[in-house]
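Engineer:
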Ligand SMILES: [Ca+2]
Ligand SMILES: [Ca+2]
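Have a look at this one:
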């Protein structure tokens, strides 16, 4: 196990959060509206962790933005760093970003990585790319680049990069507008500010909405996005939901349907962080209003629909992690409809929460985006 | 004009809220997410005001729970107390409650009053009743009792009593479970915990949902309510929306449709104020989940859909007044769907807000429920 940095530990311990240890020290119970929970530190020493996914054996793969994939085994409390990770551009918001395990991993051993990729032609640009590779022990082998955002240009911002499989086996990849190309989100001749849908081998589904449109990138599923860093499939409808970092006052949840235009930057509830007006319109004909939005922004990252048994009252609710206020928003859903929002954990960590996942144990896992980042776990209070 | 009590004035002035006066002292502008507003005191000296409605000439009728109807003329800043108000039982939550002006007032001069009525047979019970009368100068004449909740029994709580006309000219009357008869909300042989629908003359619409059901009260429109004190018609769908005081943690907005059971007390998100569990179920088959709910409760009172021109960015949004936290919740709606909740005025008054109305000027009016209650007004900041 890597060394535990004392600062985060001290902060978390002061707040009643305990690291797992062989001595049975239990975390303080946190009362929430439907369940009493405990928040505990599973492991620390992760360098700016960004994404995670579980393997069939119950272990977890965690990306570090600086460029490594850590394989963490709960039972032995051991971390291994994988070899064979593609080279990434670690700068600004770029680096090694999300990871997802193939739904048929037991048969094919594929894992998928998204990251900021340098220009292979040698230019100074970067863009989001996705590579898959087979996990062989602690090695990634048989690498295949399956998607690359076009165009490449130099910007350290808004890489999107969340990865999620559809129930039919498509891979959804979210992108961002790279900040300097925000208008590109409205045109179909590029991949910026889009959600794209491909098959896991990189081929384009023939029923993608723009495959027959001249000049349109065939991978595009939906457009008019700013920086989509959350994605999850609704467990009852099978539809893709996406979480988008807005400007100041415009974080959005969208139900991302084929061919829809989600408005950025012509329609938004937010303003730029320097207080300049991006658009005075919250709605423009032909675009789709957000399904739910936050003003002020909480800087939403990833999200999950909870489907486990550990928290029965949370079944099918949406949990949205946030970088600001170290909070998780629980949206109590009736089908698609938001009936209520509860803010969880706001006073319980000081962490920027970068990823959220449901473990095979039905507990909820979080990554804190920090130089000494942690894997955290929400479980029922004892 | 009645004497202005200095205490409320001092509180409001300290918070930048000014009473209207001939000297042009302007209130501090309050920044909200979509509009900059001012909150001002139009008039004070109202004794526990509960309901209000505007007349075609722009003046307003305001009920005082203690038993009077005040007719306030904005232009002359004059109050007149009407004669001919029915006798009410002023005790606990009972008294003179809501008032609504007939949509055809110019032709028929009818106004409708809801109130806690004593048992005309001389028993010690009370229940909500509705009387209409014609306004003749400062007199109410030609009184007709058009509805009376059955059964009468002795309880000072949960009278419901909000009045609203449907687009087709029905009168909706909301009731409460009277606290001591909460199970009555689930059966149709009484009017407790219901929304009822009648014609303005008290007759029962022949298409009411339970008119042909033996043993059911024919006035019933929907049931399973706790204490409905807010009602408004959605401007785009024409449907009735209702705001219900829940127990601790269960304030609800419901779209109140014919024959629906809204669950109280078998299903609720709340618990009793003494922390006892009313139901461990938030949902029971055959009942309808709330459209939106608040945990913790903010003690919602009345609500409006905003349809005026003074605040264009608020068009068709739902504004819900609350007794707790002196707040107004703005629900940003896309059709029926809640996309966002904003809390308005929370730090700007210490008032329990009992009613909310849109004036003919497009400004938003509020009543503060206090011994020295006030009529407040939200208008665009200058
Ligand atoms: Ca949008
Ligand atoms: Ca209910």
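Protein chains in written order, with full-length UniProt numbering: chain A, 1 to 382; chain B, 1 to 382. Heads up, the beta-carbon is just placed ideally off N, CA and C, and yes, glycines get one too.
How big is the Cα-Cα spacing for residue 5(A) and residue 369(A)?
Structural biologist: The residue given as residue 5(A) occupies position 5 in the first chain. The residue given as residue 369(A) occupies position 369 in the first chain. Unreliable placement is indicated for residue 5(A), whose pLDDT of 39 sits below 50; the coordinate value is still reported in the next sentence. C-alpha separation (whole angstroms): 14 Å.
Engineer: Sort 118(A), 219(A), 265(A) by Cα distance to residue 181(A) and report the nearest one.
Structural biologist: Here residue 181(A) refers to the residue found at position 181 when the first chain is read from its first residue. Taking only the C-alpha atoms, the option nearest residue 181(A) is 265(A).
Engineer: Would you say the stretch 116-124 of chain A touches the stretch 146-161 of chain A, given that touching needs at least three Cβ pairs under 8 Å?
Structural biologist: As far as the Cβ criterion goes, the stretch 116-124 of chain A touches the stretch 146-161 of chain A, which means the pair count is three or higher.
Engineer: Taking the straight line between their C-alpha atoms, what separation do you get for residue 62(A) and residue 243(A)?
Structural biologist: Numbered from its first residue, the first chain carries residue 62(A) at position 62. Numbered from its first residue, the first chain carries residue 243(A) at position 243. Rounded to whole angstroms, residue 62(A) to residue 243(A) spans 20 Å at the Cα level.
Engineer: Using three-state DSSP, classify residue 24(B) as helix, strand or coil.
Structural biologist: As a first step, residue 24(B) must be located in the second chain, where it is residue number 24. Confidence in residue 24(B) is poor, its pLDDT being 40 and thus under 50, which makes the residue's placement unreliable; the coordinate value appears in the next sentence. Reduced to three states, the DSSP call for residue 24(B) is coil.
Engineer: Taking Cβ-Cβ distances shorter than 9 Å, what residues in chain C pair up with residue 33(A)?
Structural biologist: The question asks about chain C, but that chain is absent: this structure's protein chains are A and B.
Engineer: Would you say residue 264(B) touches ligand 2, meaning its beta carbon is less than 6 Å from a heavy atom?
Structural biologist: Reading the second chain from its first residue, position 264 is the one you call residue 264(B). Yes, since a heavy atom of ligand 2 falls inside the 6 Å radius drawn around the Cβ of residue 264(B).
Engineer: Can you check whether the C-beta of residue 381(A) is within less than 7 Å of a C-beta belonging to chain B?
Structural biologist: Here the question's residue 381(A) lines up with position 381 in the first chain. Residue 381(A) does not count as touching chain B.
Engineer: Bridge partners for residue 261(A) per DSSP, in chain order?
Structural biologist: What you label residue 261(A) is simply residue 261 of the first chain in a count that begins at 1. For residue 261(A), which the question treats as bridged, DSSP gives the partners 223(A).
Engineer: Looking at residue 252(A) and ligand 1, is the gap between the Cβ and the nearest heavy atom below 6 Å?
Structural biologist: On the first chain, residue 252(A) is found 252 positions in, with the first residue counted as 1. Residue 252(A) Cβ: within cutoff of ligand 1.
Engineer: Using CA coordinates, which residue listed in 267(A), 275(A), 271(A) is at the minimum distance from residue 283(A)?
Structural biologist: Mapped onto the first chain, residue 283(A) falls at position 283. Among 267(A), 275(A), 271(A), the Cα nearest to that of residue 283(A) belongs to 267(A).
Engineer: Work out the CA separation of residue 56(B) and residue 227(B) for me, nearest whole Å.
Structural biologist: One-based indexing of the second chain puts residue 227(B) at position 227. One-based indexing of the second chain puts residue 56(B) at position 56. Rounded to the nearest angstrom, the two C-alpha atoms are 30 Å apart.
Engineer: Going straight from the alpha carbon of residue 170(B) to that of residue 203(B), what length do you get?
Structural biologist: If you number the second chain from 1, residue 170(B) lands on position 170. If you number the second chain from 1, residue 203(B) lands on position 203. Their backbone Cα atoms lie some 10 Å apart in a straight line.
Engineer: Is any beta-carbon of chain B found at less than 7 Å from that of residue 338(A)?
Structural biologist: As a position in the first chain, residue 338(A) is number 338, starting the count at 1. Output row for residue 338(A): interface = yes.
Engineer: I'd like to know whether the C-beta atoms of residue 345(B) and residue 355(B) end up nearer to each other than 7 Å.
Structural biologist: Locating residue 345(B) in the second chain gives position 345, where the first residue counts as 1. Locating residue 355(B) in the second chain gives position 355, where the first residue counts as 1. It is not a contact, given that the beta carbons lie outside the stated cut-off.
Engineer: Taking C-beta to C-beta, are residue 41(B) and residue 374(B) nearer than 7 Å?
Structural biologist: Here residue 41(B) refers to the residue found at position 41 of the second chain. Here residue 374(B) refers to the residue found at position 374 of the second chain. Contact: yes.
Engineer: By the 9 Å beta-carbon criterion, what residues does the stretch 322-351 of chain A contribute toward chain B?
Structural biologist: Listed by position, the residues of the stretch 322-351 of chain A near chain B (Cβ gap below 9 Å) are 332, 334, 336, 337, 338, 339, 340, 341, 342.
Engineer: Out of 173(B), 259(B), 195(B), state which residue places its alpha-carbon closest to the alpha-carbon of residue 213(B).
Structural biologist: For the purposes of this step, residue 213(B) is identified with residue 213 of the second chain, where counting begins at 1. Residue 259(B) is the option with its Cα nearest to residue 213(B).
Engineer: For the stretch 193-247 of chain A, list the beta strand (DSSP E) runs that are entirely contained and at least 3 residues long, ordered along the chain.
Structural biologist: Within the stretch 193-247 of chain A, the complete beta strand (DSSP E) runs of at least 3 residues are 194-198, 220-223, 228-233, 240-244.
Engineer: Across the stretch 319-330 of chain A and the stretch 276-290 of chain A, are there enough close Cβ pairs to call them in contact, namely three or more that are closer than 8 Å?
Structural biologist: At 8 Å Cβ cutoff, the stretches do not touch.
Engineer: Sort 352(A), 209(A), 376(A), 218(A) by Cα distance to residue 363(A) and report the nearest one.
Structural biologist: Translated into the one-based positions of the first chain, residue 363(A) becomes position 363. Closest option to residue 363(A), Cα to Cα, is 376(A).
Engineer: Near residue 269(B), which residues of its chain fall below 8 Å by C-beta distance, leaving aside the five closest residues on each side in sequence?
Structural biologist: On the second chain, position 269 is the one that residue 269(B) refers to. 246, 249, 250, 252, 282, 290, 293, 295.
Engineer: Kindly list the residues whose CB is nearer than 7 Å to the CB of residue 201(A), restricted to its own chain and excluding five residues on each side of it in sequence; keep chain order.
Structural biologist: As a first step, residue 201(A) must be located in the first chain, where it is residue number 201. Correct list, in chain order: 146.
Engineer: For residue 179(B) versus residue 225(B), is the C-beta distance shorter than 7 Å?
Structural biologist: What you label residue 179(B) is simply residue 179 of the second chain in a count that begins at 1. What you label residue 225(B) is simply residue 225 of the second chain in a count that begins at 1. No.
Engineer: Flag this pair as yes or no: are the beta carbons of residue 384(B) and residue 70(B) separated by less than 7 Å?
Structural biologist: In the structure displayed, chain B extends from 1 to 382; residue 384(B) sits before or after that span and is not available.
Engineer: Would you decide whether residue 167(B) is buried or exposed? Buried here means 16 or more other CB atoms lie within 10 Å of its CB.
Structural biologist: Within the second chain, the letter at position 167 stands for residue 167(B). Classification of residue 167(B): exposed, given that the 10 Å Cβ count is below 16.
Engineer: Given that a residue counts as buried once 16 or more other Cβ atoms are within 10 Å of its Cβ, and exposed if not, what is residue 138(B)?
Structural biologist: As a position in the second chain, residue 138(B) is number 138, starting the count at 1. The residue is exposed, with fewer than 16 neighbouring Cβ atoms inside 10 Å.
Engineer: For residue 87(A), does the count of other Cβ atoms within 10 angstroms reach 16, so buried, or fall short, so exposed?
Structural biologist: Here residue 87(A) refers to the residue found at position 87 of the first chain. Answer is exposed; the Cβ neighbour count stays below 16.
Engineer: With residue 209(A) and residue 221(A) assumed to form a contact (beta carbons below 8 Å), what rounded beta-carbon distance in angstroms separates them?
Structural biologist: Within the first chain, the letter at position 209 stands for residue 209(A). Within the first chain, the letter at position 221 stands for residue 221(A). Sure, about 7 Å apart at Cβ, within 8 Å.
Engineer: Taking a cut of 8 Å between CB atoms, which residues from the stretch 309-322 of chain B lie near chain A?
Structural biologist: If the cut-off is 8 Å between Cβ atoms, the stretch 309-322 of chain B has 313 near chain A.
Engineer: Please go through the same chain and pick out, in chain order, the residues whose beta-carbon is closer than 6 Å to the beta-carbon of residue 314(A), but skip the five residues on each side of it.
Structural biologist: On the first chain, position 314 is the one that residue 314(A) refers to. Excluding positions up to five away in sequence, the list reads 306.
Engineer: What is the rounded straight-line gap between the Cα of residue 164(B) and the Cα of residue 74(B)?
Structural biologist: Translated into the one-based positions of the second chain, residue 164(B) becomes position 164. Translated into the one-based positions of the second chain, residue 74(B) becomes position 74. One C-alpha to the other measures close to 24 Å.
Engineer: Roughly how many angstroms separate the alpha carbons of residue 360(B) and residue 72(B), rounded to a whole number?
Structural biologist: Against the second chain, residue 360(B) aligns to sequence position 360. Against the second chain, residue 72(B) aligns to sequence position 72. Roughly 14 Å between the two C-alpha positions.
Engineer: Taking residue 290(B) as the query, report the chain A residues whose CB atoms sit under 7 Å from its CB, ordered along the chain.
Structural biologist: Here residue 290(B) refers to the residue found at position 290 of the second chain. The contacting residues are 339.
Engineer: Let me know the beta strand (DSSP E) ranges lying completely inside the stretch 111-167 of chain B, each 3 residues or longer, listed in chain order.
Structural biologist: The qualifying runs are 126-136, 139-148, 163-165.
Engineer: Considering only C-alpha positions, which residue in the set 176(B), 53(B), 343(B), 156(B) is nearest to residue 102(B)?
Structural biologist: As a first step, residue 102(B) is located in the second chain; it is residue number 102 there, counting from the start. Answer by Cα proximity: 53(B).
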